[in-house]
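The letter at position 139 of the sequence shown is residue 139 when you use the UniProt record's numbering, and the numbering goes up by one with no holes.
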Amino acid sequence: MSDFCPVLWPEEPTPEHLLDCSECGLDQHGSRMVWGEGNPLGRIMIILDNPGAREDREGSPMVCGTRQTLQQAAVQVGLTMEDLYVTFILKRKPVKAYDKQQVRQICMTHLKQQLKEKQPKLIFCLGNVAVQSFFENTDAEVKVLRGKIYDVNGYPTAVGYHPLAVRRRPNLWNMFVEDWKFLTGYYNNKI
Ligand code: SF4
């Protein structure tokens with residue numbers, strides 16, 4: 001039986017000047033900003049669509065299902081939090097309808113700034129929303145692109161399924177782990 005036990009990775013604070021960012025309008029949705037998690041100096045940057053809650057309704061820390069599944073795969077392929085920094089296309093979780101394309105475009109300017117500052121060695125984009133936004137291609141799909149390294153704006157980038165999709169469709173688990181193994185193989189051999 002696995003002794004895997006998910007933990008809440010430390011949160012990288014939102015830069016002071018962006019604490020009250022309202023550029024895209026998602027501040028009106030009431031969800032709080034999460035800038036990034038894990039090791040801010042991690043050499044692999046994981047990009048998800050948007051952050052899940054880090055607190056339950058009572059305000060106690062919680063590890064959501066997305067984070068649990070992501071960590072489980074990382075452990076399975078021998079990666080630790082030291083290797084990994086997780087961030088998001090949108091730094092706030094949308095909770096009602098919004099102009100997806102416009103909002104993503106606006107918040108991507110912050111991701112581009114993070115990339116400039118952090119210079120990750122490898123990027124792992126999880127889920128179609130993150131892939132389409134990061135590749136700037138609305139037709140991009142994980143199931144077509146997985147298993148290869150792409151140069152996206154000068155960054156070696158791999159793609160994989162979204163952990164939440166894997167929770168909803170457990171038959172994706174093996175392919176999800178394959179994606180992580182592919183990532184780790186490249187990381188160990190080329191970086
Ligand atoms: S999601 Fe991005 S652009 Fe929108 S308020 Fe948050 S940091 Fe600003």
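Every residue, glycine too, gets a C-beta built ideally from N, C-alpha and C.
For residue i: DSSP bridge partner residues
| i | result |
| --- | --- |
| residue 37 | 11, 86 |
Sub-8 Å separation of residue i and residue j beta-carbons
| i | j | result |
| --- | --- | --- |
| residue 133 | residue 89 | yes |
| residue 164 | residue 66 | yes |
| residue 157 | residue 107 | no |
| residue 6 | residue 68 | yes |
| residue 154 | residue 142 | no |
| residue 77 | residue 190 | no |
| residue 159 | residue 129 | no |
| residue 34 | residue 51 | yes |
| residue 186 | residue 122 | yes |
| residue 62 | residue 73 | no |
| residue 118 | residue 161 | no |
| residue 18 | residue 110 | yes |
Any non-hydrogen atom of ligand 1 closer than 7 Å to residue i Cβ
| i | result |
| --- | --- |
| residue 96 | no |
| residue 17 | no |
| residue 11 | no |
| residue 26 | yes |
| residue 21 | yes |
| residue 175 | no |
| residue 90 | yes |
| residue 62 | no |
| residue 106 | yes |
| residue 29 | no |
| residue 33 | yes |
| residue 162 | no |
Cβ-heavy atom distance, residue i to ligand 3, below 7 Å
| i | result |
| --- | --- |
| residue 74 | Questions concerning ligand 3 fall outside what the structure shown contains, since the ligands it does hold are ligand 1. |
Runs of beta strand (DSSP E) lying entirely within the UniProt domain "Uracil-DNA glycosylase-like" (35-181), each at least 3 residues, in chain order: 36-38, 44-48, 84-88, 122-126, 150-152, 155-160
Segment contact flag, the segment 43-56 with the segment 145-153, C-beta cutoff 8 Å, min 3 pairs: no
Touch test, the segment 92-100 against the segment 16-28, Cβ-Cβ under 8 Å, three pairs minimum: Of all C-beta pairs linking the segment 92-100 to the segment 16-28, three or more are shorter than 8 Å, placing the two stretches in contact.
contact_flag[the segment 32-46, the segment 67-84] where n(CB pairs < 8 Å) is 3 or more: These segments touch.
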